[in-house]
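Enquirer: Before we start, here is the structure in question, set down as structure tokens.
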Amino acid sequence: MAVPKLLNSFVDALYLKKYFGRWSDRWTIFRVWLALWACCLTWIINPSARKAAGFLPLILAFIKFPSDPTPIYLTQTALGGIVVCAVWGWSVLAMKLSLLARDAAKDQMTYATVNQTIFKENPDMQPAQIEGRFLEQVFTGIFLQAGSSAIYAVFLFIGIYFVFLIRAFVPRLFFIMVFGSILLCIYATIGPLLPIWYAVELGQIFMIPYGYYLAITIACSIFVVPQSVSHSITEKLHAQTSLIKEALQLSPERLRNMDDNQVAAAIAEWDNTRNEIIQQADLTTLQTGFLAKEISMQKASGKDVQKLVELVKMMRFCLSGQSIFIRHVHRRAKASAGSTRSDGGEKTPVAQASQTSVESLPYASAPALKDLLASVAASSDRQVRSLQRGMEAFTNFLDRETGMSHAFSGIFKQPPVVTEELEAALADLKQAIAEAAEPRGEKSSADKPNSSRASYLHEVWQLFLCTFSSELETALEFVLEIEKRPVKLWFPGRQNGPAEDDVTKAHAVPRAMRRRIEMTLGGDAVLPFEEDIPERIEGVSTLELGKESTMSDRERRRSSALNIIQRIYAAIDWFFTSVESTFSLKVGILAICLAVPAWIYDNGSAEFYYREKGLWALISGVTAKGLFSGETTFGFIQRLLGVIIGGVVALAMWYISAGSGHGNAYGLAAVFAVSLALFIPWRIWNPNFLTHITATTSGALIIGYSWYDRPDSPVPEIWGPGQGWEVFWRRELLVLVGITAAWIIDLFPRPKPGRDHVRRIYSRTISELGNIGALVIRVLHNPPKNVAEVNMYEQRWSELRAISSKLRMTSVRLLLAKLEPDINKKWNPERYAMLQKLQYDAIDLLAILAFVCEGLNPATRTSTIASGAFSSARVAAALNLMSIVSSGLATERPLPAILPSPRNPSREYPDLDSEVTDALNKATDTTGGFDRTAFILAEGTLLELGSIAEQMAVEAQALFGTNMSWT
């Protein structure tokens with residue numbers, strides 16, 4: 005039994021099951037395998053590939069291979085070519101200036117001395133032998149001069165600084181910038197060796213081999229089962245809808261049959277599913293810009309796929325309603341069972357007392373939760389089943405659209421049209437929507453609700469079903485129209501989608517609602533700040549934007565002068581203190597420190613550096629430095645693991661191919677073919693790219709140098725590291741030296757901990773959530789009166805998606821923070837994880853509250869403003885709590901022991917529904933034309949937001965302590 009389990013673990017670790025999965029995965033593996041194997045054959049059979057430089061560009065082919073859709077890969081290779089040319093141009097400029105700084109007389113004397121030494125050894129040498137002996141002398145550093153080396157050092161520092169600054173601000177260019185930094189290091193260490201102008205030769209060393217491999221990979225990407233962006237995005241949409249269908253399984257009926265622990269486990273699983281949905285959405289977003297700008301073959305055009313992306317995005321946004329529902333069920337179940345949350349670690353007495361009060365809030369407990377869930381399930385079971393059936397039909401359509409039979413059979417004959425499932429699902433969904441559309445929202449003042457208790461859970465669930473059903477209905481109508489088309493070849497510029505009116509007709513949800521739903525968790529918004537940019541999120545009220553200045557001309561000129569001085573000071577301060585600039589400065593200094601031995605001749609340092617391949621340590625150290633300490637430590641571990649894995653695999657490949665000899669071209673080609681087939685799935689789909697990139701690079705270097713250093717090599721390497729084991733141990737040692745140097749420089753003069761970055765981000769996001777909450781209340785009191793105000797409100801509320809994306813990006817920081825030293829003992833990962841979760845809940849609640857408040861009719865608006873939850877004191881208390889928590893996170897100072905409370909100061913209710921019912925009774929006694937559903941949603945959602953604010957304060961008190969001061 006142990007052997008099958010071990011074999012299964014091996015198959016899972018290498019992602020070999022992809023061979024038995026979708027056809028698109030198999031063709032992707034084959035395309036990558038063919039491209040890389042052809043590159044390896046080119047390197048093996050081409051002895052004129054400029055010695056070791058011939059296989060260095062091969063590493064780029066292993067790092068970035070044609071696994072992406074063809075238009076995306078072509079764009080990436082074009083960017084890579086631009087970077088290579090830019091680095092070459094930068095190096096040529098450094099070469100020109102370094103030649104001006106050289107002592108020409110000294111170079112002539114050194115050249116004559118070298119020639120005399122060579123001819124004294126053997127006057128009958130052939131030209132090739134003379135060139136080889138001359139290069140050996142060159143690589144001892146005999147032509148090194150201080151001025152020339154200083155020029156290259158300056159250019160290396162500046163080039164590395166800007167390359168890594170771009171890498172910090174634009175994480176998507178990670179691979180391209182890494183390759184650019186490698187070329188900079190190579191040029192900067194080789195450049196000072198020769199006292200002549202050899203710009204063209206320097207470019208050819210890498211450009212010509214790079215052109216070989218680039219031509220091969222591009223040809224495979226275009227001609228070997230090319231994949232369109234439309235097909236790739238449709239596959240990702242299929243993955244999203246499959247996960248959404250799985251999320252819909254957590255219905256009231258299932259929750260009713262679970263105990264508290266099962267509910268917690270089910271919610272955790274639902275959260276994981278939702279995170280996977282968002283991750284797939286992020287991958288989709290990176291590719292949507294190429295839609296309708298390529299050649300594709302399927303039923304849906306590029307514009308159709310764009311519309312499908314929007315429709316699935318709307319379904320994803322609708323999950324906020326389900327999120328609020330299931331979390332409210334969980335809190336009620338916990339309070340009903342009398343359980344308390346366990347956060348790990350010790351709790352202060354204040355925190356314990358506060359936690360107890362929060363868990364027993366009237367907004368959390370319910371005496372008859374099972375009965376309530378039974379009622380909700382009974383009233384919505386028909387609609388839930390229709391949603392699940394509709395999602396099944398929608399997912400099956402996407403599955404057919406991405407099947408290989410559609411693409412290939414469409415060339416010779418059209419695939420059968422399958423509309424029965426879609427038509428039946430659409431008819432069933434429309435019937436369910438009609439049955440659920442009984443008038444239950446509008447009640448007059450004569451319709452007293454005293455006989456029926458308000459149910460916040462029921463209204464939230466019905467809102468979720470209404471919005472999701474409407475989006476799914478639109479999606480099914482759209483894909484039904486696509487299903488009736490034949491498969492055709494779509495060309496750029498001729499991919500017309502259906503008219504907007506045809507797509508959105510009979511849509512039950514107003515446009516305003518669609519805009520509000522877009523505020524919920526998505527991940528595909530255009531962020532106003534990038535992943536690692538710590539600028540403050542703009543918190544200026546949108547009502548203050550566009551206000552004309554009243555300053556005089558003299559005051560304006562003085563202000564302009566002050567602004568220039570302030571900007572200069574801010575730029576200097578940013579250069580020395582910002583996270584991105586400090587990171588780039590440290591990498592530049594590290595590059596200089598590790599390259600200095602290559603520029604020193606007198607003590608034999610340069611000769612030792614080139615003989616022992618010190619460049620490996622330089623490149624390893626430069627690429628190993630992370631933006632924060634946790635990243636550097638994590639990278640240290642992963643790169644060390646990767647170099648060991650790559651080295652062991654490369655040793656096995658080399659000795660199997662070499663046999664008892666010193667190298668065999670046929671054996672090496674065969675071993676490459678088998679090894680690539682085994683490891684390509686792991687390289688494509690393993691999310692830990694640091695390990696497999698380091699393994700790939702190390703394996704290529706070990707095999708490459710072993711092949712060039714064989715005794716019968718037509719281009720023997722100057723001071724080659726040897727073969728097999730000799731290359732292995734040098735590679736391991738030098739990588740260890742480089743990553744250790746990166747880890748050391750990360751600590752001085754002061755490490756940049758990622759936990760501080762997370763704390764500051766949470767301070768800003770909580771502050772912005774409070775600002776958006778205040779804006780929602782402002783809109784409730786003063787609805788927008790014109791298009792300009794509506795647009796300003798829309799722009800501000802759309803920041804909810806950006807905040808959500810920013811929070812998701814801190815998840816990795818929370819994990820990596822565990823690798824950072826906690827000197828002041830103020831870091832509690834469980835508390836910060838809880839703060840992240842509470843902010844997610846606040847985003848969902850604010851999205852619902854914004855939608856509900858905008859759609860209130862005048863009568864309901866008046867009653868809502870006059871209700872208890874919307875009283876000025878309680879709203880101010882909730883917003884002040886968020887402000888206090890934000891300030892505490894920003895300063896790490898203790899919070900006041902006595903905090904404002906958003907609860908009802910005059911009465912304690914047994915549960916949330918009781919308070920909402922009380923407010924409902926008071927409102928309907930005096931108001932006509934009342935919308936009961938909207939009032940319940942607005943009142944209950946704001947009460948939930950108050951509870952979230954209190955829980956945030958509890959977590960902050962537990963993190964930073966309390967004091968009795970109000971200052």
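Everything in the sequence shown is counted per our numbering, starting at 5 for the first residue and increasing by one. Each residue gets a CB set at the ideal place from its N, CA and C atoms; glycine is no exception.
Taking just the CA atoms, how far does PRO909 sit from ALA882?
Expert: Rounded to whole angstroms, ALA882 to PRO909 spans 13 Å at the Cα level.
Enquirer: Per DSSP, which residues does MET99 bridge with? Please list them.
Expert: Answer by DSSP bridge pairing: none, since MET99 is not bridged.
Enquirer: Please report the straight-line C-alpha distance between SER951 and LEU903, rounded to a whole angstrom.
Expert: Taking the straight line joining both Cα atoms gives about 13 Å.
Enquirer: Quick check on PHE964: does DSSP put it in helix, strand or coil?
Expert: In the structure shown, PHE964 sits in a helix (DSSP, three-state: H, G or I).
Enquirer: Just to confirm the assignment, what range does the alpha helix (DSSP H) spanning LEU493 have?
Expert: Note, LEU493: premise wrong, no alpha helix (DSSP H); beta strand (DSSP E) at 492 to 494.
Enquirer: Note down the Cα distance separating ILE328 from ASP848, rounded to an integer number of angstroms.
Expert: If I take the Cα positions, the gap works out to 7 Å.
Enquirer: How about LEU738 and GLY618: do their beta carbons lie closer than 8 Å?
Expert: Closer than 8 Å, so yes.
Enquirer: Kindly indicate the opening and closing residues of the alpha helix (DSSP H) around SER887.
Expert: Looking at the DSSP string, the run of the alpha helix (DSSP H) that includes SER887 is 876 to 895.
Enquirer: Once you ignore the five residues that flank GLY550 on each side, which residues in its own chain have a CB closer than 6 Å to its CB?
Expert: Note that GLY550 scores a pLDDT of 31, beneath 50, so its modelled location is shaky; the value from the coordinates is reported in the next line. So no residue of the chain qualifies.
Enquirer: Nearest by alpha-carbon distance to ALA600: which of LEU740, ARG764 and LEU160 is it?
Expert: As written in the sequence, residue 600 is Val, which differs from the Ala given in the question. Out of LEU740, ARG764 and LEU160, LEU160 has the C-alpha closest to the C-alpha of VAL600.
Enquirer: Taking buried to mean at least 16 other C-beta atoms within 10 Å of its own C-beta, is CYS89 buried or exposed?
Expert: Exposed is the call here.
Enquirer: From the DSSP output, in three-state form, read off LEU899 for me.
Expert: Of the three classes helix, strand and coil, the one that applies to LEU899 here is strand, per DSSP.
Enquirer: Go to MET301, then tell me how far its beta strand (DSSP E) extends in each direction, as first and last residue.
Expert: Unbroken beta strand (DSSP E) run through MET301: 300 to 302.
Enquirer: Fully enclosed by the stretch 811 to 856, which beta strand (DSSP E) runs are 3 residues long or longer?
Expert: Runs of the beta strand (DSSP E) inside the stretch 811 to 856: none found.
Enquirer: Straight-line CA distance for GLU280 to SER808?
Expert: Taking the straight line joining both Cα atoms gives about 15 Å.
Enquirer: Taking DSSP as the reference, what is the three-state secondary structure of PHE69?
Expert: Three-state DSSP puts PHE69 in coil, outside helix and strand.
Enquirer: Can at least three beta-carbon pairs, one atom from the stretch 431 to 438 and one from the stretch 390 to 398, be found at a separation below 8 Å?
Expert: Touching, per the Cβ criterion.
Enquirer: Excluding the 5 residues flanking LEU680 on each side, which residues of the same chain have their C-beta closer than 7 Å to its C-beta?
Expert: If we look at LEU680 and ignore the five residues flanking it on each side, its Cβ neighbours are TRP37, LEU40 and TRP41.
Enquirer: Suppose you measure from the CA of ALA628 to the CA of SER185; what does that come to, to the nearest Å?
Expert: So the alpha carbons of these two residues sit roughly 12 Å apart.
Enquirer: How would you label ILE248, buried or exposed, when you count the other beta carbons within 10 angstroms and need 16 or more for buried?
Expert: ILE248 is buried by the Cβ-count criterion.
Enquirer: Tell me the rounded alpha-carbon separation between PHE138 and VAL118.
Expert: For PHE138 and VAL118, the distance between alpha carbons rounds to 7 Å.
Enquirer: Look at PRO685 and LEU101 and say whether their C-beta atoms are less than 8 Å apart.
Expert: Not in contact: PRO685 and LEU101 (Cβ atoms no closer than 8 Å).
Enquirer: Check for me: the alpha helix (DSSP H) holding ASP264 runs from which residue to which?
Expert: That run of the alpha helix (DSSP H) goes 264 to 289.
Enquirer: For THR546 and ILE162, what's the separation of their Cα atoms in angstroms?
Expert: Summary for THR546: the model assigns pLDDT 30, below 50, so the residue's position carries little reliability; its value from the coordinates is reported in the next sentence. C-alpha separation (whole angstroms): 40 Å.
Enquirer: Leaving aside the five residues before and after ILE437 along the sequence, list all residues of the same chain whose C-beta is less than 6 Å from its C-beta, in chain order.
Expert: Only SER473 meet the Cβ criterion.
Enquirer: Ignore the nearest five residues each way along the sequence and tell me which others in GLU481's own chain have a CB closer than 7 Å to its CB.
Expert: Excluding sequence neighbours, GLU481 sits near LEU430.
Enquirer: Any idea if MET113 is buried or exposed, counting beta-carbon neighbours within 10 angstroms, 16 or more meaning buried?
Expert: So MET113 counts as exposed.
Enquirer: Counting along the chain, where does the alpha helix (DSSP H) carrying ARG764 start and finish?
Expert: It spans 758 to 785 - the alpha helix (DSSP H) in which ARG764 sits, taken as one unbroken run.
Enquirer: Between which two residues does the alpha helix (DSSP H) containing TRP31 stretch?
Expert: Start and end: 27 to 49.
Enquirer: Quick check: the stretch 292 to 302 against the stretch 231 to 239, are at least 3 beta-carbon pairs closer than 8 Å?
Expert: Yes, they touch.
Enquirer: Which residue wins for smallest C-alpha separation from GLY774, given the options ALA846, LEU820, GLY703 and ILE707?
Expert: For GLY774, the nearest C-alpha among the options comes from ALA846.
Enquirer: ILE146 and TYR605 - do their beta-carbons sit closer together than 8 Å?
Expert: Yes, these two residues count as a Cβ contact at 8 Å.
Enquirer: Would DSSP call ASP107 helix, strand or coil?
Expert: Residue state, collapsed to three classes: coil.
Enquirer: Which of the three DSSP states, helix, strand or coil, is assigned to PRO256?
Expert: Helix.
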